[in-house]
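Enquirer:
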Amino acid sequence: MVNRSRLILLGCGLCLLAGAGIGRALELSDLFNGRETATGESFLVSGNNARATREPQEPRHAGAPGGKSVWISWLAPTNGLVTLTTAGSSFDTLLAAYVLKPGDDAPLARLQPVAEQDDDDDAVSTKLQFGVRGGQRYEIAVDGFAAASGEIRLQLDLLTSADLLPSVLRRPGDRAIQEGDTLILTIDVQSTEKLDLHWYFNDVRIPDEEGPSLVISNFQPHNVGRYRLRMEVNDFKFFSAPVEIQINSEGIVSALAKNKLEDAAQDRGVLASWMGLPPAGRVSLADAAPVLARGYNGTQIFNTTYATRDPLEPPHCGIAGGASYWFSYRPPDSGEMTINTEGSNYDTLLAVYTSAGPLTSYADLIPIACDDNSGANGRTSRVGFTASSDQTYLIVIDGANGAKGIARLNYALHSPSVPSAAPSILESPRSQAGAVGATLALQVVATGRSPLSYQWYHDGTMLLGENRPALALPALQDAAAGTYSVSISNAVGQVTSDLAQIEVLSSPVIQVDPSAAKAAIGFPAVRGFQYQVQTADHALSAGWNVLTNALTDSGGIVWITNQLEFSRNHFFRLKRP
Numbered sequence: 001m002v003n004r005s006r007l008i009l010l011g012c013g014l015c016l017l018a019g020a021g022i023g024r025a026l027e028l029s030d031l032f033n034g035r036e037t038a039t040g041e042s043f044l045v046s047g048n049n050a051r052a053t054r055e056p057q058e059p060r061h062a063g064a065p066g067g068k069s070v071w072i073s074w075l076a077p078t079n080g081l082v083t084l085t086t087a088g089s090s091f092d093t094l095l096a097a098y099v100l101k102p103g104d105d106a107p108l109a110r111l112q113p114v115a116e117q118d119d120d121d122d123a124v125s126t127k128l129q130f131g132v133r134g135g136q137r138y139e140i141a142v143d144g145f146a147a148a149s150g151e152i153r154l155q156l157d158l159l160t161s162a163d164l165l166p167s168v169l170r171r172p173g174d175r176a177i178q179e180g181d182t183l184i185l186t187i188d189v190q191s192t193e194k195l196d197l198h199w200y201f202n203d204v205r206i207p208d209e210e211g212p213s214l215v216i217s218n219f220q221p222h223n224v225g226r227y228r229l230r231m232e233v234n235d236f237k238f239f240s241a242p243v244e245i246q247i248n249s250e251g252i253v254s255a256l257a258k259n260k261l262e263d264a265a266q267d268r269g270v271l272a273s274w275m276g277l278p279p280a281g282r283v284s285l286a287d288a289a290p291v292l293a294r295g296y297n298g299t300q301i302f303n304t305t306y307a308t309r310d311p312l313e314p315p316h317c318g319i320a321g322g323a324s325y326w327f328s329y330r331p332p333d334s335g336e337m338t339i340n341t342e343g344s345n346y347d348t349l350l351a352v353y354t355s356a357g358p359l360t361s362y363a364d365l366i367p368i369a370c371d372d373n374s375g376a377n378g379r380t381s382r383v384g385f386t387a388s389s390d391q392t393y394l395i396v397i398d399g400a401n402g403a404k405g406i407a408r409l410n411y412a413l414h415s416p417s418v419p420s421a422a423p424s425i426l427e428s429p430r431s432q433a434g435a436v437g438a439t440l441a442l443q444v445v446a447t448g449r450s451p452l453s454y455q456w457y458h459d460g461t462m463l464l465g466e467n468r469p470a471l472a473l474p475a476l477q478d479a480a481a482g483t484y485s486v487s488i489s490n491a492v493g494q495v496t497s498d499l500a501q502i503e504v505l506s507s508p509v510i511q512v513d514p515s516a517a518k519a520a521i522g523f524p525a526v527r528g529f530q531y532q533v534q535t536a537d538h539a540l541s542a543g544w545n546v547l548t549n550a551l552t553d554s555g556g557i558v559w560i561t562n563q564l565e566f567s568r569n570h571f572f573r574l575k576r577p
């Protein structure tokens with residue numbers, strides 16, 4: 001059965017005529033293939049998504065659990081900066097805008113994100129801003145976080161521009177790294193003339209960081225928080241969606257504390273029944289984020305500056321809070337569990353919950369332990385309880401009376417059956433190529449009885465001081481090329497990783513397979529910008545043809561693979577739009 005939410009398109013005068021005909025309101029279809037098209041420079045849509053559903057192959061909008069999405073298509077009349085907002089909606093919304101890439105796959109599989117976001121400042125409504133091209137069709141989805149539903153208010157406004165404005169083509173997701181490692185963030189942008197880029201950390205501009213890539217060496221707790229890239233063309237200024245970076249002592253990049261309980265518990269295996277989703281709405285563990293932590297000991301460090309509190313959330317320990325973050329933990333063995341917030345720089349509340357079955361509301365949470373001010377300084381918190389290996393625990397840190405800051409969540413499991421395991425490598429560092437001047441990072445993922453010690457080698461020579469799971473190679477030069485390996489040891493044994501080959505490119509390279517008339521061409525470039533690949537029959541030709549648009553890889557290299565007819569008069573070049 002097809003459920004369609006009827007939405008009324010208000011304002012926009014002539015755009016209503018162009019989109020739906022005189023006097024007929026547009027309908028927003030539950031099915032992507034049933035969507036209708038709006039035009040014009042502004043519109044306001046009101047409606048309800050209570051009967052909306054989720055389709056197979058539909059993306060997870062803003063990377064969050066949804067389940068009640070509705071669609072509308074908008075044809076941009078001209079170049080400019082568009083603002084989309086769900087302010088005034090009655091529920092927690094997700095908002096995403098896409099373009100439909102050409103191809104033979106199903107339409108939902110060909111959606112390329114342009115901008116997407118969960119919350120704005122009020123933790124319920126959502127706001128997007130991005131550059132648009134005249135004549136381009138944009139697919140807009142409004143969903144409910146954790147299948148929430150209610151009254152929708154969606155507004156679009158276009159501020160026209162004589163200049164082409166950039167749009168974000170790809171951005172990294174939220175993640176955790178280890179303390180002391182190197183953070184590399186790249187937001188791929190559609191480059192334009194007069195474009196200035198500036199990085200912001202927690203809404204404060206970072207000095208001298210004015211490119212699409214941000215590199216922070218020796219990442220420390222004061223660096224945890226939200227990062228955004230501001231794009232400027234003349235008087236037009238707008239931000240990319242934020243990326244949240246945390247610290248996980250075990251190097252589990254997808255283990256994250258989250259502002260919302262539903263986000264923290266996504267991978268518990270009960271997501272679909274918790275949210276009331278049909279089987280098509282299920283999310284595989286490989287796609288779910290964050291991933292719960294499973295180690296015997298660990299620390300998660302995060303910033304609660306932007307934390308809010310769900311109005312339905314109970315007061316933890318019976319004390320008023322207002323800035324909660326949730327963390328999911330599954331003990332690898334049964335034993336005595338100790339959790340504390342020592343090292344946090346604000347007054348914390350700490351509570352631990354579990355559940356007997358699928359969660360449908362906060363009422364399904366079973367309290368295990370809670371504390372306020374039992375820590376060493378009288379402001380941090382500490383709890384202890386007997387943990388079971390067949391339970392998942394939801395740990396929440398809140399700020400007393402809404403206090404916020406940098407939270408440090410420390411957990412330790414004491415079990416008589418903790419194994420004394422020698423180290424083993426789950427993931428060896430991978431071979432990479434990088435352009436001269438770029439920064440690369442090598443990473444190893446290992447397990448075994450703590451503590452684990454690391455030592456990196458370059459062409460068999462020990463790298464003094466390189467004793468972490470990650471190795472940064474900043475500002476690549478030819479001398480950085482070669483093989484890299486890492487040795488991992490503990491009190492029980494030692495293991496060495498496979499070799500990773502690092503190649504440094506200072507000029508284009510080409511690998512040709514004559515039998516297949518096929519070539520792989522690598523162009524050194526600046527990571528984060530989109531480039532135009534052009535081809536011609538002569539190097540001095542006045543008629544260069546556009547072959548394709550391409551983004552750099554993580555090493556700042558544009559790779560082009562094509563089935564080509566080769567001759568001595570076949571030339572290629574890169575151009576940054």
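Sequential numbering from 1 applies to the sequence shown in this note's numbering.
Beta carbons are placed, not taken as given, at the ideal position from N, Cα and C, and that holds for glycine.
Since we're looking at a predicted model, the values are computed, not measured.
1) From which residue to which residue does the alpha helix (DSSP H) around D263 run?
2) Check for me: the beta strand (DSSP E) holding I187 runs from which residue to which?
3) Is it buried or exposed for Q511, if we count other Cβ within 10 angstroms and need 16 for buried?
4) Quick one: what does DSSP say H316 is sitting in, helix, strand or coil?
5) So W326 is in the beta strand (DSSP E); what residue range does that whole segment cover?
6) Please report the straight-line C-alpha distance between D196 and V114, rounded to a whole angstrom.
7) Which runs of the beta strand (DSSP E), 3 residues or longer, sit entirely within the segment 369-457?
8) Quick check on A280: does DSSP put it in helix, strand or coil?
9) Which residues in the same chain as T85 place their Cβ atom closer than 6 Å to its Cβ, once the five residues preceding and following it in sequence are excluded?
10) What residue from V504, D143, S149, A472 has the CA that sits closest to G482's CA?
11) Would you mind stating whether W74 and R35 have Cβ atoms separated by less than 7 Å?
12) Below 8 Å, can you find three or more Cβ-Cβ pairs linking the segment 396-413 to the segment 430-449?
13) Using CA atoms only, rank isn't needed, just tell me which of I502, I557, H538, D537 is closest to G528.
14) Could you compute how far the alpha carbon of D30 sits from the alpha carbon of P65?
15) Evaluate N248 with the Cβ neighbour count: other Cβ atoms within 10 Å of its Cβ, from every protein chain shown; 16 or more gives buried, anything less gives exposed.
16) Excluding the 5 residues preceding and the 5 following Q112 in the sequence, name in chain order all residues of the same chain whose CB lies nearer than 7 Å to its CB.
17) I'd like to know if the segment 161-178 and the segment 248-258 are in contact, where contact means that at least 3 CB-CB pairs between them fall below 8 Å.
18) Let me check understanding here. Comparing Cα to Cα, which of A403, I140, S191, D163 lies closest to R576?
19) Spatial neighbours of G322 within its chain, please: CB distance less than 6 Å, with the 5 preceding and 5 following residues excluded, ordered by chain position.
20) So, for T305: in the same chain, excluding its five sequence neighbours on each side, which residues have a beta-carbon less than 7 Å away from its beta-carbon?
21) With distances taken Cα to Cα, identify the nearest neighbour of D92 among V82, N48, P107.
22) From R230 to D390, what does the alpha carbon distance come to, in whole angstroms?
23) Between A472, R137, S328, which lies nearest to Q300 when the distance is taken from Cα to Cα?
24) Helix, strand or coil, according to DSSP, for S515 in the structure here?
25) Can you name, in chain order, every residue of its own chain whose Cβ lies under 8 Å from the Cβ of F32, other than the five neighbours on each side?
26) Going by CA-CA distance only, name the one from L165, T53, G80, P77 that's closest to G67.
27) Using only the alpha-carbon positions, how far apart do L169 and A407 sit?
28) Under a Cβ-count criterion, where at least 16 other Cβ atoms within 10 Å of its own Cβ denotes burial, should L463 be classed as buried or exposed?
29) Going residue by residue through the segment 90-155, where are the continuous beta strand (DSSP E) segments of at least 3 residues, counting only ones entirely within it?
30) Tell me the rounded alpha-carbon separation between G437 and W326.
31) For the 8 Å Cβ check, are there 3 or more pairs between the segment 507-522 and the segment 476-490?
32) Within the continuous beta strand (DSSP E) that includes E232, where are the two ends?
33) Just checking, does the segment 487-505 make contact with the segment 439-449 on the three C-beta pairs under 8 Å criterion?
34) Suppose you measure from the CA of A241 to the CA of R228; what does that come to, to the nearest Å?
35) Candidates Y296, Y362, T496, G493: which alpha carbon is nearest P314's?
Expert: Well, looking at it:
1) What you label residue 263 is simply residue 263 of the sequence shown in a count that begins at 1. Note, D263: alpha helix (DSSP H), 261-264.
2) Sequence index remark: in the sequence shown, residue 187 carries index 187 (1-based). Element bounds for I187: n/a, residue is neither H nor E.
3) The residue you call residue 511 lines up with position 511 of the sequence shown. With fewer than 16 Cβ atoms within 10 Å of its Cβ, Q511 is classed as exposed.
4) For the purposes of this step, residue 316 is taken as the residue at position 316 of the sequence shown. It is helical.
5) Within the sequence shown, residue 326 is the residue found at index 326, counting from 1. Taken as a continuous stretch (DSSP letters only), the beta strand (DSSP E) holding W326 covers 325-329.
6) Taking the sequence shown and counting its residues from 1, one reaches residue 196 at position 196. Taking the sequence shown and counting its residues from 1, one reaches residue 114 at position 114. Rounded to the nearest angstrom, the two C-alpha atoms are 19 Å apart.
7) 382-387, 393-399, 406-414, 424-427, 432-435, 440-443, 445-447
8) Working through the sequence shown from its first residue, we reach residue 280 at position 280. Low per-residue confidence applies at A280: pLDDT is 31, beneath 50, and the placement is therefore not dependable, though the value from the model is reported in the following sentence. DSSP places A280 in helix when its eight states are reduced to three.
9) Start at 1 with the first residue of the sequence shown, and residue 85 comes out as number 85. Closer than 6 Å at the Cβ level, and outside the excluded window around T85, lie K127, Q155.
10) On the sequence shown, residue 482 is found 482 positions in, with the first residue counted as 1. Taking only the C-alpha atoms, the option nearest G482 is V504.
11) Counting from 1 along the sequence shown, the entry for residue 74 is found at position 74. Counting from 1 along the sequence shown, the entry for residue 35 is found at position 35. No.
12) no
13) For this step, residue 528 is matched to residue 528 along the sequence shown. The shortest Cα separation from G528 among I502, I557, H538, D537 belongs to I557.
14) Locating residue 30 in the sequence shown gives position 30, where the first residue counts as 1. Locating residue 65 in the sequence shown gives position 65, where the first residue counts as 1. Spanning the two alpha carbons is a distance of roughly 17 Å.
15) As a first step, residue 248 is located in the sequence shown; it is residue number 248 there, counting from the start. It counts as buried.
16) On the sequence shown, residue 112 is found 112 positions in, with the first residue counted as 1. Excluding residues within five positions, the ones whose Cβ falls inside 7 Å are Y98, V99, K101.
17) yes
18) For the purposes of this step, residue 576 is identified with residue 576 of the sequence shown, where counting begins at 1. The candidate whose alpha carbon is nearest that of R576 is S191.
19) The residue given as residue 322 occupies position 322 in the sequence shown. Cβ neighbours of G322 beyond the five flanking positions: R309, G402.
20) To locate residue 305, count along the sequence shown from 1; it is residue 305. So the qualifying residues of the chain are N202, G225, K404.
21) Position 92 of the sequence shown, counted from the start, is the residue given in the question as residue 92. The shortest Cα separation from D92 among V82, N48, P107 belongs to N48.
22) Taking the sequence shown and counting its residues from 1, one reaches residue 230 at position 230. Taking the sequence shown and counting its residues from 1, one reaches residue 390 at position 390. In a straight line, the C-alpha of R230 is about 45 Å away from that of D390.
23) Here residue 300 refers to the residue found at position 300 of the sequence shown. The residue with the shortest Cα to Cα distance from Q300 is S328.
24) The sequence position of residue 515 within the sequence shown is 515, counting from 1. It is helical.
25) Translated into positions along the sequence shown, residue 32 becomes position 32. For F32, where only same-chain residues beyond five positions count, the Cβ hits under 8 Å are E55, E58, W71, P107, L108, E139.
26) In the sequence shown, counting from the first residue as 1, residue 67 sits at position 67. Nearest C-alpha to G67: T53.
27) Sequence index remark: in the sequence shown, residue 169 carries index 169 (1-based). Sequence index remark: in the sequence shown, residue 407 carries index 407 (1-based). Going by the C-alpha atoms only, they are around 32 Å apart.
28) Within the sequence shown, residue 463 is the residue found at index 463, counting from 1. The residue in question, L463, is exposed, as its Cβ has fewer than 16 Cβ neighbours within 10 Å.
29) 93-100, 111-117, 127-132, 137-144
30) On the sequence shown, position 437 is the one that residue 437 refers to. On the sequence shown, position 326 is the one that residue 326 refers to. Cα to Cα, G437 sits roughly 39 Å from W326.
31) no
32) Position 232 of the sequence shown, counting from 1, holds the residue named residue 232. Note, E232: beta strand (DSSP E), 225-233.
33) yes
34) Counting from one through the sequence shown, the residue named residue 241 turns up at place 241. Counting from one through the sequence shown, the residue named residue 228 turns up at place 228. Their backbone Cα atoms lie some 6 Å apart in a straight line.
35) The count along the sequence shown starts at 1 and reaches residue 314 at position 314. That would be Y362, whose Cα lies nearest to the Cα of P314.
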